[in-house]
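A.B. asks:
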Amino acid sequence: MIAIEITVLIKQVPLTGEVEVDPETGNLVREGVASQTNPYDLHALEAALQIRERLGGTVTALSMGPPQAEATLREAYSMGADRGILLSDRAFAGADTLATAYTLSRALERIPFDLVLAGMQTTDGDTAQVGPGVAEFFGMPHASYVAEILDVAPGGVRVLVDAGDREAEMLLSTPALLTLTRRANGPRLPSFKLRLATADREVQTWTLADLEGDAGGDIAGQRYFGLDGSPTWVDRIFPPPANPERETWRGDAGELARRLVEALEGWRYL
Amino acid sequence: MRPVAFEPVTPALIRELKEIVGDDAVVVREDIPEEYSHDEMAPVRGWPEVAVFPGNTDEVSRIMALAHGAGVPVTTRGAGTGLMGGATAVEGGILLVTTRMDRVLEVDEANMVARVQPGVVLLTFAEEMEERGFLYAPDPGEKSATIGGNVMTNAGGMRAIKYGVTRDHVRGMEVVLSDGHVLRLGGKVAKNASGYNLMHLMIGSEGTLGVVTEITVRLLPLPEVLTTLLVPFQSPTDAVGMVPILGKAGIIPQALEFFRDDVLDSSTDYLGRPFPHHGAPAYLMMRLEASSRQEMERFIDRAGRLCLEGGADDVLIADTAERQATLWDARGAFLEALGWTDIDECDVVVPRDAMAEMMLYSDEVSREVGLTFSSFGHAGDGNMHINILRGDLPEEEWIARRDRAMELLYARCASLGGMVSGEHGIGYSKRGYLREHTDPMELELMRRVKESFDPRGILNPGKIIPGMEAEGN
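Note that the protein sequences, when read in sequence, are chains A and B.
For any residue, its number in this note's numbering is found by taking its place in the first sequence, counting from 1, and adding 7.
For any residue, its number in this note's numbering is found by taking its place in the second sequence, counting from 1, and adding 2.
(1) Contact between the region 173-192 of chain B and the region 129-146 of chain B: three or more CB pairs below 8 Å?
(2) Report the CB separation of residue 235 of chain B from residue 286 of chain B in whole angstroms; it is logged as a contact under 8 Å.
(3) Can you round the beta-carbon distance between residue 191 of chain A and residue 219 of chain A to whole angstroms, since I take them to be within the 8 Å contact cut?
(4) Contact criterion: CB-CB distance below 8 Å. Does residue 19 of chain A meet it with respect to chain B?
(5) Using a C-beta to C-beta distance shorter than 8 Å, which residues of chain B count as neighbours of residue 196 of chain A?
(6) Give the single residue among B/48, B/290, B/85 and B/23 whose Cα lies nearest to the Cα of residue 428 of chain B.
(7) Does DSSP put residue 250 of chain A in a helix, in a strand, or in coil?
(8) Spell out a yes or no on whether the region 210-227 of chain B and the region 244-255 of chain B are touching, meaning 3 or more CB-CB pairs, one atom from each, closer than 8 Å.
(9) Can a CB atom of chain B be found closer than 8 Å to the CB of residue 192 of chain A?
(10) Quick check: residue 156 of chain B and residue 142 of chain B, are their CB atoms within less than 8 Å of each other?
(11) Once the 5 residues before and after residue 222 of chain A are set aside, which same chain residues still bring their CB inside 6 Å of it?
(12) Considering residue 127 of chain B, what are the terminal residues of the alpha helix (DSSP H) in which it resides?
(13) Going by DSSP in three states, residue 14 of chain B sits in which element: helix, strand or coil?
(14) Can you find a C-beta in chain B that's less than 8 Å from the C-beta of residue 206 of chain A?
(15) Taking 8 Å as the CB-CB limit, is residue 134 of chain B close to chain A?
(16) Give every residue of the same chain whose Cβ lies closer than 6 Å to the Cβ of residue 103 of chain A, excluding the five residues on either side of it in the sequence, and list them in chain order.
(17) Residue 318 of chain B and residue 278 of chain B: beta carbons closer than 8 Å?
(18) Going straight from the alpha carbon of residue 207 of chain B to that of residue 174 of chain A, what length do you get?
(19) What are the residues that DSSP puts in a beta bridge with residue 186 of chain B?
(20) When you compare only the Cα positions, how much space is there between residue 176 of chain A and residue 117 of chain A?
(21) Taking C-beta pairs closer than 9 Å, name the residues in chain A that residue 310 of chain B reaches, listed in chain order.
(22) Compare the C-beta of residue 295 of chain B with all C-beta atoms of chain A and state if any pair is closer than 8 Å.
(23) Could you say which of A/257, A/79, A/143 and A/45 lies nearest to residue 210 of chain A if we only look at CA atoms?
(24) I'd like to know whether the C-beta of residue 248 of chain A is nearer than 8 Å to at least one C-beta of chain B.
(25) Determine, using beta carbons only, whether residue 230 of chain B and residue 288 of chain B come nearer to each other than 8 Å.
(26) Give every residue of the same chain whose Cβ lies closer than 6 Å to the Cβ of residue 404 of chain B, excluding the five residues on either side of it in the sequence, and list them in chain order.
(27) Using a Cβ cut-off of 7 Å, pull out every chain A residue sitting near residue 306 of chain B, in sequence order please.
(28) Which whole runs of the alpha helix (DSSP H) in the region 15-94 of chain B are 4 residues long or more, in chain order?
(29) What residue from B/150, B/144 and B/106 has the CA that sits closest to residue 131 of chain B's CA?
(30) Determine, for residue 302 of chain B, whether the minimum Cβ-Cβ distance to residues of chain A falls below 8 Å.
(31) Kindly say whether residue 46 of chain A, judged by its beta-carbon, lies nearer than 8 Å to any beta-carbon of chain E.
(32) Judging by CA-CA distance, which residue of B/171, B/98, B/413 and B/45 is the nearest neighbour of residue 22 of chain B?
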């Protein structure tokens, strides 16, 4: 066993896939909405647990959010995570992807790791920016849209990246950060047995003071956290309009293919 | 009652049928698609002489009056998703297909009932009701079935443990009798003590007593919170042994399924999707419902502890719609994954405390006759689907071994106080077993019932009751 230390970034998101937007404020409606762990992050956690099962090591789940986000770390425990850390402070509230990535990267300085795994995006924000942002702030190599972790060895990790129109194999030196697609695996379910066994295990809460702690003068003060550290101003959030227009074509394959090409050219997609 | 001799479908009769339903809604023999000659499993074949697709009750009534006058048999068919040959026109004649009668006529929210035509597809209806905040509780595995077919076979399904079977959700119906007379039975009322309940006689009669043309079903409020527990066991008997323990502790899941790793593996291979657990010899899968998250947590805690005490390896918690879909999609594909052609099925139901014994015995039978069984079942109600696989046996050998297996299984089922069919019905395929395991007096009463509804014996001849058909079984 070579013992790989892995930190998984997980986020608590609203349970429903249909995120509601307050039409007045443009903000996501979170009150009264039941929550779940971001489904993409479950694939990251699963990948981490599988690596631990093969190579040994520990899996740390790291989340940022209000105190109730502890539930998501408890769920990570019931799936097999060894350690849970929640970054929770009023000073972190209102963070955009930049401030969130910065905060997480600061926390990572206090956690020993070889690999950081995250879901490729969240179901509430859909930006896919936080993972790469964390890696950039931290200063480590990263790969997004990882469909498969092919090999993990001391000092490096080989992955298959799904770039939509093509796939690429990449070799990264560790420490590195990967964001995973849903192709990567099928996440395990929370275990009642582990839930009982970890009922007394602590979820650590780290505040701004903890991050400033021994980083001394290196940390850039409160202006990089939360709302103060967020240059993004949301003007309006809206679901992309659905196009209800449908046409059904029938005919033989060759004829249909010609028609499709003509139509795509007509729309200037080709 | 003597075997009935039927009249053939004549060109004149076809002309009259066309007058009733229109030219487009009549298909004569050589143009009838092959799928209308059988159902989804039974090796039974039967080509109707003519298929008609009526659009309303009046047309059905006129078709029946015509057939009655002419002495031509009529077999009613919905989506043809049955497994026992019930909707196959084994005596030829007219195949009356209800799929055009597919409208939801009324959703009465105050009385919490809906009126539907028989050709309404179960899945579409259940989803439509869900959107309106209602649960239509009957939940047979075959979602492309019609409600009419469900009613006429008294279909069961996964939620039967908590909500009962289709019968428990029918409040009223309109039915066309064998001579074309239209009769309304029941209604929107929640109770009915008004004489013999003919509606309940009609339910599960597999089209042998009448043609249902409208059904009033009850609707329930949607449960607030659903969670599914997947519980792996090392011992299949421990797994089924949990069922009475859970019941006694007041855990009444909405569905409680039992399966083994071989069925699970073939299903997940078939779907090509990952499943969150593999390799346990037996599984229970239960869907719990609660009115709040807090209540659900209490259920999970209680059920979880009981299962661990009862020998479970673990209790895995699927608490989101997505997690639950992964589990139930795999369950839903069990039968499909086995393939349709070379299997036969024993759909026995036993008292639920006898399920473990029945299961162990089926292993024994499988060894004895040298055939592979693939079994799963609704553990909550003691209903097992023992699927007998042909493998690569030659026809004669397959039939001999299968018949021997069926004989042994039904005999043990009877001695355990079970019944020949839990939910798939008798149809054509299981008539012999019904005859063998039913009190002759009960069979005689069934015959008399049939005779009083259908004196000419034209409705779905050859089904359910042995002795009604021209040839023996």
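Where is the CB? At the ideal position from N, CA and C, for every residue including glycine.
C.D. replies: In short:
(1) no
(2) Counted from its first residue, the second sequence places residue 235 of chain B at position 233. Counted from its first residue, the second sequence places residue 286 of chain B at position 284. The pair is a contact, with the Cβ atoms about 7 Å apart (cut-off 8 Å).
(3) Residue mapping note: residue 191 of chain A aligns to position 184 of the first sequence, counting from 1. Residue mapping note: residue 219 of chain A aligns to position 212 of the first sequence, counting from 1. Rounded, the Cβ-Cβ distance is 35 Å, inconsistent with contact.
(4) Taking the first residue of the first sequence as position 1, residue 19 of chain A is located at position 12. False, the Cβ-Cβ gap to chain B never drops below 8 Å.
(5) One-based indexing of the first sequence puts residue 196 of chain A at position 189. By Cβ distance, chain B contributes 232, 278, 279, 318, 319, 320 and 325.
(6) For the purposes of this step, residue 428 of chain B is identified with residue 426 of the second sequence, where counting begins at 1. With distances taken between Cα atoms, residue 428 of chain B lies closest to B/85.
(7) Taking the first sequence and counting its residues from 1, the one referred to as residue 250 of chain A is at position 243. Here residue 250 of chain A sits in coil by DSSP.
(8) no
(9) Mapped onto the first sequence, residue 192 of chain A falls at position 185. With 8 Å as the cut-off, residue 192 of chain A counts as an interface residue toward chain B.
(10) Sequence index remark: in the second sequence, residue 156 of chain B carries index 154 (1-based). Sequence index remark: in the second sequence, residue 142 of chain B carries index 140 (1-based). In this structure, residue 142 of chain B does not lie closer than 8 Å to residue 156 of chain B by Cβ.
(11) For the purposes of this step, residue 222 of chain A is taken as residue 215 along the first sequence, with counting starting at 1. Here residue 222 of chain A scores only 47 on pLDDT, less than 50, and its place in the model is too uncertain to base an answer on.
(12) As a working note, residue 127 of chain B is residue 125 in the second sequence. Unbroken alpha helix (DSSP H) run through residue 127 of chain B: 124-133.
(13) Taking the first residue of the second sequence as position 1, residue 14 of chain B is located at position 12. Residue 14 of chain B falls in the helix class under three-state DSSP.
(14) By one-based count along the first sequence, residue 206 of chain A stands at place 199. No, residue 206 of chain A does not count as interfacial toward chain B.
(15) Taking the first residue of the second sequence as position 1, residue 134 of chain B is located at position 132. Answer no: the Cβ-Cβ gap between residue 134 of chain B and chain A never drops below 8 Å.
(16) Locating residue 103 of chain A in the first sequence gives position 96, where the first residue counts as 1. Excluding sequence neighbours, residue 103 of chain A sits near 237 and 239.
(17) Here residue 318 of chain B corresponds to residue number 316 of the second sequence, with the count starting at 1. Here residue 278 of chain B corresponds to residue number 276 of the second sequence, with the count starting at 1. Yes. Within cutoff.
(18) Numbered from its first residue, the second sequence carries residue 207 of chain B at position 205. Numbered from its first residue, the first sequence carries residue 174 of chain A at position 167. Rounded to the nearest angstrom, the two C-alpha atoms are 58 Å apart.
(19) Here residue 186 of chain B is taken as the residue at index 184 of the second sequence, counted from 1. Residue 186 of chain B pairs with B/176.
(20) Within the first sequence, numbered from 1, the residue matching residue 176 of chain A stands at position 169. Within the first sequence, numbered from 1, the residue matching residue 117 of chain A stands at position 110. Residue 176 of chain A and residue 117 of chain A: Cα-Cα distance of roughly 30 Å.
(21) Taking the first residue of the second sequence as 1, we reach residue 310 of chain B at position 308. Near residue 310 of chain B (Cβ distances below 9 Å), the residues of chain A are 199, 200 and 203.
(22) As a working note, residue 295 of chain B is residue 293 in the second sequence. Cβ-Cβ to chain A under 8 Å: yes for residue 295 of chain B.
(23) Translated into the one-based positions of the first sequence, residue 210 of chain A becomes position 203. Comparing Cα-Cα distances from residue 210 of chain A to each of A/257, A/79, A/143 and A/45, the minimum goes to A/79.
(24) Translated into the one-based positions of the first sequence, residue 248 of chain A becomes position 241. It does not: the Cβ of residue 248 of chain A has no partner Cβ on chain B nearer than 8 Å.
(25) For this step, residue 230 of chain B is matched to residue 228 along the second sequence. For this step, residue 288 of chain B is matched to residue 286 along the second sequence. Against a cut-off of 8 Å, the Cβ pair of residue 288 of chain B and residue 230 of chain B comes out as a contact.
(26) Looking up residue 404 of chain B in the second sequence gives position 402. If we look at residue 404 of chain B and ignore the five residues flanking it on each side, its Cβ neighbours are 346 and 390.
(27) What you label residue 306 of chain B is simply residue 304 of the second sequence in a count that begins at 1. Ordered by position in chain A, the residues that pass the 7 Å Cβ test against residue 306 of chain B are 199.
(28) 59-72
(29) Working through the second sequence from its first residue, we reach residue 131 of chain B at position 129. That would be B/106, whose Cα lies nearest to the Cα of residue 131 of chain B.
(30) Residue mapping note: residue 302 of chain B aligns to position 300 of the second sequence, counting from 1. So, interface residue.
(31) Protein chains A and B are contained in the structure displayed, whereas chain E is not.
(32) For the purposes of this step, residue 22 of chain B is identified with residue 20 of the second sequence, where counting begins at 1. It is B/98 whose Cα lies nearest to the Cα of residue 22 of chain B.
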